[in-house]
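Each protein sequence line maps, in turn, to chains A and B.
Under the working numbering, read the first sequence as residues 1279 to 1630, first letter to last.
Under the working numbering, read the second sequence as residues 2 to 471, first letter to last.
All remarks here apply to the structure that follows.
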Amino acid sequence: MSDATDTAFDAHIRTLMAWHFQEETGSPFWLDKRAGLGFDPVTEVVSAADLTRFPDVSAELRTVPARALIPRALADLPFRVYDSGGTTGSPKRIVDSAARSRMLAWARERLLAVGVPAEGNWLHLAPSGPHVIGFDVARYAALGGGIFYTVDLDPRWVKRLLAEGRSDEADAYVQHLLDQAETILETQDVAVLNSTPPLLEAICARPRLHKLVRTQVRAIIWAGTSISAESLRQLNEVFFPDTAIIGIYGNSLMGVAPQRPAAPGDAYPCVFEPHPRTTRLQLVDEAGDLVPYGARGRVRLHLVAEEMFLPNVMERDSAVRIEPSAGGHVDGLADVQTFRALDDVRIIEGVY
Amino acid sequence: MGAALPLAAGPPAVAPLAIDPLVSGRSVASADRAPLPSVLGGDLADVGTAPRLLALAALNEIRDLADGRPVDAGLLAEAARQFAEGTVGGETPGAYVTRVAHATGLTATAVRQAVHDLVTEIAELPATTAAELPPTGLGDGFATRWVPRGRVFAAVMASNHPTPNAAWVQALFHGYSVLIKPGSRDPFTALRLLRALLAAGLPPAKAAFLPCSRATGEFLLGAADRGIVYGGDQAVRKWQGRASVAVRGPGRTKAVLDADLDDAVLGHLARSASVDGGTRCTNLSAVLTTRPVAQVADRLAERLSALPSLPATDGNATLLVADRARGEQIRARLAELRTELTDHSARFEPGGTVVPLPDGSVLLRPVVLSADRADHPAVGTELPFPFVVVAPWSPADGIAPLRDSLVLNLLTDREELVDAALREPSVRKVTRGTVLPWTAVPGIPHDDNYTQFLLEPKGVVAAREPAARP
């Protein structure tokens, strides 16, 4: 990505700086910050490179009243709150009225381009409730006229069970989810399955359920956690050889970055690209500078949308930086993993 | 198979050896790679690891073809011979020994001894089976037949020592198909042993070699009909009390020294603690004594301090080496222990416990600490090198401080203590006098009757001849 030549995004930034930092239109959250920034965002932030001048405010999203995040110009619209995962303590909150739906219309086109059928019903076997992914998948189904099936899934309970060493209970909960999925697949017609890599692994370990998915579902979308290269190959080549396997990278804050179509010379089987109109995912080194193409960096998010402005957010993921696809302006990401400082890479073993 | 590593000390200059899963005799190149560090620094091998889905695919394949038929003892003996003496998959015995030494820090001498012991254990399998099963002929048409309790066996190995790999060979011998998660630092032993078995004629569908994470190993243990897990407290805790899994955790081998510490006894205790660099689960880790604690600890520390500091590949080496990062972990753990216990080794070990060697590795010197009471929580601490805690014991303390011992060495004339130790469920083996903890013959259980863990009896009652009916 060359920020200097991404003129459409720079123009979008200038428009939205005025929007978010004018008294009549901006949110109380950002208007309160303007005086303490040490620069004038309206006149001095003119391109993507300037977004790093903002502080990373994402930690404040755990405590700020959500209403303060809503731009005044949109205060009459209905909003709702979505959470980040929130393993412990208070989750980060975002507000959404219509912006996410606009992004999802774009995302759906991207999914169709990589093999998701345009029509057919969807089974969402992943979190919903405060987790925005449930909204996203319901929207994809609706946009194609498909029925949306789902199962209740509380990921925080599973994480808590695992953190407390109660893996048997976590396994039992997973089987309870799969029982319900099996019931749906036995009686309903499902064309697209959206789930997480660990649940897909659990599906593969149940022969009857695996067969139902393999013979009925035409596309499987995975999201929510990373997946190893070999696991992806096993899904594609061994467990679901006749099914499209498609990844979406995303979270509540950044939105979604669906897998892009494969391109000649791709070194990675799955490359994600974010919504070009509003979102940049930069892969940076410890100094905050972009890493070269083909190198691994930590994910830094800039979200510049009418409803939310989240510049300069350091995410807890790392990925390999991939050149924009033909005609595109945004970098791709491949091999996303949970970010670890370099000195954590060696696995610490116990006595044995 | 990649190029053989240079045998001389020093980090390998060539690309590290590639190791991949081996399923039904096929090498399955994994896209997931993990470096295997060398104690000398740098990487010794590039290991293809099996994520859960690859392990599941292997499990499905192995289970589909599992027939429960035993493997001939002659085939196992031939494979053991190849393992010890042959060039297997391009690897000479010397290259194998060097790799294990550089990966685990065991001395080359200890690895060669382990190969010998592994071959012996495999050769003794028929004798071990005979010794661990009761007679089956009950006369007059009544008999029992001992058959596998399932079809698929999972082995989650550790890297502290090669010999425990005999455990999954024993499962093959009795008819199981096996899935092996090798130790993360020693994938070499299981791979070489499996290749030798395949070369000797083992049906390929009988086994899968799956380097993988601990989580994937747990998945295999949970999915198999029977299994065995080696490892530290954290690795084995989940499997305690599960009938389908044999648990081989820290041994916490102890000695009761209720006799004068003459030179023979001192030499016996030092050997118990230090053979194979203190890596065996049966190496002594605590001495409880009726004699003056400080004196016993000082003399043991002094005796152990005579062991030389040599690189693992030196023929006279006895002590474990490690890479620098592992050395630092151990240094930190010892610093914690020294805050609550008295150090008796410091004055005999002027170079400290973690000693850098010229070849890039660090050597772990023996450590003897003492506690002021028998029930001190540090009694039973097990570290992967010669490490002994000496604590006072009197008859009034009873059996409680002696619990949780894989082997309990009783240097005492108190017959009532011997009896109490044998009746104590958490004491798994008792040795008397200056007998090294691992001393055994076929039929002496290491920890319960492993043959009967693998096999179960079924009744077979045949109709008697009509003429014999009353």
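Think of the CB as a built atom: it goes at the ideal place given N, C-alpha and C, for glycine as much as any other residue.
Values in this document were obtained by computation on a predicted structure and should not be read as measured data.
Item to check | Helix, strand or coil at His1298(A) [DSSP, three-state] | outcome: helix
Checklist entry - Who are Asp1374(A)'s beta bridge partners in DSSP? => result Arg1358(A)
Checklist entry - When the Cα atoms are used, what is the spatial distance from Gln1458(A) to Gln1466(A)? => result 12 Å
Item to check | Inter-residue CB distance, Ala32(B) and Ala1507(A) (contact presumed, cutoff 8 Å) | outcome: 4 Å
Checklist entry - Do you know how far the Cα of Val1415(A) is from the Cα of Arg1312(A)? => result 36 Å
Checklist entry - Within 7 Å (strictly less), CB to CB, does Asp33(B) reach chain A? => result yes
Next on the checklist: Using a Cβ-Cβ cutoff of 9 Å, what residues of the segment 1503–1520 of chain A are near chain C? List them in chain order.
Outcome noted: No chain C appears in this structure, whose protein chains are A and B.
Item to check | Segments assigned beta strand (DSSP E), at least 3 residues, entirely inside the segment 1368–1415 of chain A | outcome: 1371–1374 and 1400–1403
Item to check | Own chain residues within Cβ distance below 6 Å of Glu1460(A), not counting five before or after | outcome: Leu1487
Item to check | Backbone CA spacing between Val1608(A) and Gly328(B) [nearest angstrom] | outcome: 45 Å
Checklist entry - Under 7 Å, do Pro165(B) and Ala115(B) count as touching if we go by C-beta distance? => result no
Next on the checklist: Counting beta carbon pairs with one atom in the segment 400–411 of chain B and one in the segment 368–385 of chain B, are three or more of them shorter than 8 Å?
Outcome noted: yes
Item to check | Alpha carbon of Trp1297(A) to alpha carbon of Phe1587(A), nearest angstrom | outcome: 10 Å
Next on the checklist: 7 Å is my cut-off, CB to CB: does Arg53(B) come that close to chain A?
Outcome noted: yes
Next on the checklist: Determine, for Leu222(B), whether the minimum Cβ-Cβ distance to residues of chain A falls below 7 Å.
Outcome noted: no
Checklist entry - CA-CA distance, Val1429(A) and Glu1464(A)? => result 15 Å
Checklist entry - Name the chain B residues whose beta carbon is nearer than 9 Å to that of Glu1447(A)? => result Simply none; closest approach about 13 Å.
Checklist entry - How many Å lie between Ala1522(A) and Pro1343(A) at the Cα? => result 41 Å
Checklist entry - Below 7 Å between beta carbons: does that hold for Pro1536(A) and Arg1380(A)? => result no
Next on the checklist: Less than 7 Å between the beta carbons of Val1394(A) and Val1468(A), yes or no?
Outcome noted: no
Next on the checklist: At the level of alpha carbons, what is the spacing between Ile1425(A) and Gly250(B)?
Outcome noted: 52 Å
Checklist entry - Where does the unbroken alpha helix (DSSP H) through Ala111(B) begin, and where does it stop? => result Ala109 to Ala124
Item to check | Cβ-based contacts, 7 Å cut-off: residues of the segment 1477–1494 of chain A near chain B | outcome: Glu1479, Cys1482 and Ala1483
Checklist entry - So which residues of chain A does Leu364(B) contact, with C-beta pairs closer than 8 Å? => result The premise fails here: Leu364(B) is roughly 17 Å from chain A at the closest Cβ pair, so nothing lies under 8 Å.
Next on the checklist: If we define contact as Cβ-Cβ less than 7 Å, is Leu57(B) a contact residue for chain A?
Outcome noted: yes
Next on the checklist: Can you look up Asn1514(A) in the DSSP assignment and give me helix, strand or coil?
Outcome noted: helix
Item to check | Bridge-paired residues (DSSP) for Ser25(B) | outcome: According to DSSP, which records beta bridges pairwise, Ser25(B) is partnered with nothing at all.
Checklist entry - Any idea which residues DSSP pairs Ala323(B) with across the strands? => result Val363(B)
Item to check | DSSP-derived helix/strand/coil call for Glu1464(A) | outcome: helix
Item to check | Three-pair Cβ contact test at 8 Å for the segment 1489–1506 of chain A versus the segment 1514–1530 of chain A | outcome: yes
Checklist entry - Do Val1582(A) and Ile1291(A) have their CB atoms nearer than 7 Å? => result yes
Checklist entry - In terms of alpha-carbon separation, which member of Arg1358(A), Gly1363(A), Pro1602(A) and Pro1306(A) lies closest to Arg1594(A)? => result Gly1363(A)
Next on the checklist: Please state the DSSP three-state secondary structure of Ile331(B).
Outcome noted: helix
Checklist entry - Quick one, are the C-beta atoms of Gly49(B) and Ala30(B) less than 7 Å apart? => result yes
Checklist entry - Since Lys182(B) is in the beta strand (DSSP E), which residue starts that stretch and which ends it? => result Ser178 to Lys182
Item to check | Entirely enclosed alpha helix (DSSP H) segments - the segment 134–198 of chain B, minimum 4 residues | outcome: 167–174
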